[in-house]
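Enquirer: Structure incoming, see below.
In UniProt numbering, the protein residues as written are 1 to 266.
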């Protein structure tokens, strides 16, 4: 499938980043991230995951989480081919995109080909526990009406403290506020598989977690990090909300990302 792709190029790039967006959003919300990377000689390859943004498919819906992995594999394979071993290639995933990055690396053998992975508030456990009756209902609907879509419940105030970003979030025509029952079930299955295959994530990793995250369980992310077998740099940011790269402190966070990338081949 030809998913919607986008590239922020640079002349004679020193490195490449494949960027994976989160749930409900699209690649265009990361233009400022791409520009910061481009200023440091890094080209950025991204796009919209199936069912989001400009990509085909029912909005807010997937049949299988592996559809996301297939889209990322398309972007990564193309990037590695163009890099041809001449520059390092990194993965960068936010929230659900962080989970996609984790499951991608656990599913595709890219050791020796990718230089590292950068995760921002990766969705490894949801903050709000689901009541047992809701879980049973979701299981039933997954079989009888998997395409039923409901509001995700994510508000602009949950993602950032920046009022300008909050306003942009509300009026963004490519932002989609609903998810399907099947999407919800597949997200949970993918989170469980991420934990079950934790030891397979051996690539050098930079993992950053918002301390005041209402969507992702920050403590669970910290536990996940502690169990990883490879080289990991971890930072938890007290008081910051879910979208670290859209918080008022985003320049500090981008500087840390660039610093870590320089230590890994940039």
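Note that the Cβ used here is the ideal one computed from N, Cα and C, for glycine as well.
By the DSSP assignment, the alpha helix (DSSP H) with residue 257 in it spans what residues?
Expert: Locating residue 257 in the chain shown gives position 257, counting from the first residue. Counting along the chain, the alpha helix (DSSP H) containing residue 257 begins and ends at 250-262.
Enquirer: Compare the C-alpha of residue 224 against each of 202, 27 and 150 and name the closest.
Expert: Stepping through the chain shown from its first residue, residue 224 is reached at position 224. Of 202, 27 and 150, the residue nearest in Cα terms is 202.
Enquirer: Looking at the structure shown, is residue 19 part of a helix, part of a strand, or coil, going by DSSP?
Expert: As a first step, residue 19 is located in the chain shown; it is residue number 19 there, counting from the start. Reduced to three states, the DSSP call for residue 19 is strand.
Enquirer: So, helix, strand or coil for residue 93, using DSSP?
Expert: Along the chain shown, one-based indexing puts residue 93 at 93. If DSSP states are grouped into helix, strand and coil, residue 93 belongs with the strands.
Enquirer: Would you say residue 79 and residue 45 are within 8 angstroms of each other, going by their C-beta atoms?
Expert: Numbered from 1 along the chain shown, position 79 holds the residue referred to as residue 79. Numbered from 1 along the chain shown, position 45 holds the residue referred to as residue 45. For residue 79 and residue 45, yes; Cβs fall inside 8 angstroms.
Enquirer: Tell me which same chain residues have a C-beta within less than 8 angstroms of the C-beta of residue 15, skipping the five on either side of it?
Expert: Position 15 of the chain shown, counted from the first residue, corresponds to residue 15. Same-chain partners within the cutoff: 41, 42, 43, 87, 88, 89, 90, 115, 261, 265 and 266.
Enquirer: Pair every Cβ in the segment 190-201 with every Cβ in the segment 103-111, then say whether three or more of these pairs are closer than 8 angstroms.
Expert: Because the criterion of three Cβ pairs below 8 angstroms is met, the segment 190-201 and the segment 103-111 touch.
Enquirer: Which full runs of the beta strand (DSSP E) of 3+ residues lie inside the segment 170-229, going along the chain?
Expert: The qualifying runs are 178-180 and 205-210.
Enquirer: Short check: CB of residue 220 to CB of residue 124, under 8 angstroms?
Expert: Along the chain shown, one-based indexing puts residue 220 at 220. Along the chain shown, one-based indexing puts residue 124 at 124. Yes, these two residues count as a Cβ contact at 8 angstroms.
Enquirer: Check whether the segment 202-213 touches the segment 170-186, taking contact to mean three or more Cβ pairs, one atom from each stretch, closer than 8 angstroms.
Expert: No, the segment 202-213 is not in contact with the segment 170-186.
Enquirer: Below 8 angstroms on the Cβ atoms is my guess for residue 241 versus residue 189; work out the distance and round it to an integer in Å.
Expert: One-based indexing of the chain shown puts residue 241 at position 241. One-based indexing of the chain shown puts residue 189 at position 189. Between residue 189 and residue 241 the Cβ distance is about 27 angstroms, and since that is not below 8 angstroms, they are no contact.
Enquirer: So if DSSP puts residue 6 in a beta bridge, which residue, or which two residues, is it bridged to?
Expert: On the chain shown, residue 6 is found 6 positions in, with the first residue counted as 1. DSSP lists 46 as partners of residue 6.
Enquirer: Could you spell out where the alpha helix (DSSP H) holding residue 68 opens and where it closes?
Expert: The sequence position of residue 68 within the chain shown is 68, counting from 1. From DSSP, the alpha helix (DSSP H) with residue 68 extends over 66-83.
Enquirer: Which two residues bound the contiguous alpha helix (DSSP H) that contains residue 233?
Expert: Taking the chain shown and counting its residues from 1, the one referred to as residue 233 is at position 233. No alpha helix (DSSP H) holds residue 233; the beta strand (DSSP E) holding it covers 232-237.
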